[in-house]
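In full-length UniProt numbering, the protein residues as written are 1 to 255. Using N, Cα and C, we set each Cβ at its ideal position, and we do this for glycine too. Quick caveat: nothing in here was measured; it's all calculated off a predicted structure. For reference, the structure discussed in these notes is given below.
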Amino acid sequence: MEFLGKILSFLWRCWFVYLSTIATIFFGVFFVLPLSIRDEDFAKAYFFERLWAKTIFYGSGLSLKKHGFPIIDESHPYLIISNHTSMMDIMLMLLINKKPMVFVGKKELLNLPIFGYIFNRMNIVVDRKDPNSRSKVIRESIKNVKLGRSICIFPEGGVPEREIMLDSFLDGPFAIAIMNKIPLLTISICGLKEILPYSYCEGKPGLVDVYFHQTLETSRLNKTHIPEIKETCYEMIHSQLKRYYWRKERGWPAK
Numbered sequence: 001m002e003f004l005g006k007i008l009s010f011l012w013r014c015w016f017v018y019l020s021t022i023a024t025i026f027f028g029v030f031f032v033l034p035l036s037i038r039d040e041d042f043a044k045a046y047f048f049e050r051l052w053a054k055t056i057f058y059g060s061g062l063s064l065k066k067h068g069f070p071i072i073d074e075s076h077p078y079l080i081i082s083n084h085t086s087m088m089d090i091m092l093m094l095l096i097n098k099k100p101m102v103f104v105g106k107k108e109l110l111n112l113p114i115f116g117y118i119f120n121r122m123n124i125v126v127d128r129k130d131p132n133s134r135s136k137v138i139r140e141s142i143k144n145v146k147l148g149r150s151i152c153i154f155p156e157g158g159v160p161e162r163e164i165m166l167d168s169f170l171d172g173p174f175a176i177a178i179m180n181k182i183p184l185l186t187i188s189i190c191g192l193k194e195i196l197p198y199s200y201c202e203g204k205p206g207l208v209d210v211y212f213h214q215t216l217e218t219s220r221l222n223k224t225h226i227p228e229i230k231e232t233c234y235e236m237i238h239s240q241l242k243r244y245y246w247r248k249e250r251g252w253p254a255k
């Protein structure tokens, strides 16, 4: 029975890769790339990015349940942070955020065919080995905030090992929020790590629970507050993950 489960998971992963490839070529090459040339067309390009994300997410048999709805002031951008669980996180964040935003992602993403090129055109790329990369990220973040775009960062800096519930946070996202004086919106992603783990013979369709936490203002903060606000956001996500898995172990629905 276990062998059959692995075969089914492998076939599902093949479908996920096939669908992702077709969707990336179709939406990326024919819509997102042409519309990413001019800043004036960014919102249109972002619309097709969201269609790309919806196609892959729902086409892979995943469903979404949102919990908590903070009051969002759409007159200004946000710094959005979340735990990093799988390669599907980018699609999920696009799906739940209608307002145009950019990601801050690692240079390694550029190695992915087609997707890497599109990501570089639409988002901010950081190279942790390059000492000049930090100043570039800051400049790009200021530019995008002035254009009214939110910024999304996964503060763990990568997907942690499976046994790690939540890895330590980097200072960068919180420094960017404080520097730009934009509110922090913290989001917890639950269940996606089990749905799409980094293993070819594991994975399955399923429900993803997303929790929106209280927004935090940064307008009166400075760089000395980074450790404090980083700890606050970490505790928001960590506490939610512990509650989620505690209920799951007992067979109780997410709440």
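Query, Result
"Note down, in chain order, each residue of its chain lying with its Cβ closer than 6 Å to the Cβ of Phe26, except the 5 sequence neighbours on either side.", "none"
"Hey, is the stretch 182-195 in contact with the stretch 206-223, meaning 3+ C-beta pairs nearer than 8 Å?", "yes"
"I think Cys152 touches Met87, with their Cβ atoms under 8 Å apart; what is that distance to the nearest whole Å?", "Wrong, their Cβ atoms sit about 15 Å apart, outside the cutoff."
"Go ahead and label Trp52 buried or exposed: buried means 16 or more other beta carbons lie within 10 angstroms of its beta carbon, across all protein chains shown.", "buried"
"Need the endpoints of the alpha helix (DSSP H) that Met93 sits in, please.", "89-96"
"Are Thr215 and Ile81 close, meaning C-beta to C-beta below 8 Å?", "no"
"Please confirm if the stretch 67-79 is in contact with the stretch 210-229, defined as three or more CB-CB distances below 8 Å between the two stretches.", "yes"
"Take Gly157 as the anchor and find which of Gly148, Asp171, Ala254 has the nearest alpha-carbon.", "Asp171"
"I need the straight-line Cα distance from Ile178 to Arg220, nearest angstrom please.", "8 Å"
"Assuming Phe103 contacts Asn123 under a Cβ cut-off of 8 Å, what Cβ separation, rounded to an integer in Å, is found between them?", "4 Å"
"What whole-angstrom Cβ distance do Asn83 and Ser188 have, given they're in contact under 8 Å?", "6 Å"
"Using the rule of at least 16 other Cβ atoms within 10 Å of the residue's Cβ for burial, across every protein chain shown, is Cys14 buried or exposed?", "exposed"
"Below 8 Å on the Cβ atoms is my guess for Val126 versus Ser133; work out the distance and round it to an integer in Å.", "5 Å"
"In terms of residue numbering, what span does the alpha helix (DSSP H) encompassing Gly105 cover?", "Segment 101-106 is the beta strand (DSSP E) holding Gly105; no alpha helix (DSSP H) there."
"If you follow the alpha helix (DSSP H) that His76 is part of, which residue opens it and which one closes it?", "Unbroken run through His76: none, as it is neither H nor E."
"Just confirm the distance between the C-beta atoms of Ile96 and Val210, as a whole number of angstroms; I'd bet it's less than 8 Å.", "6 Å"
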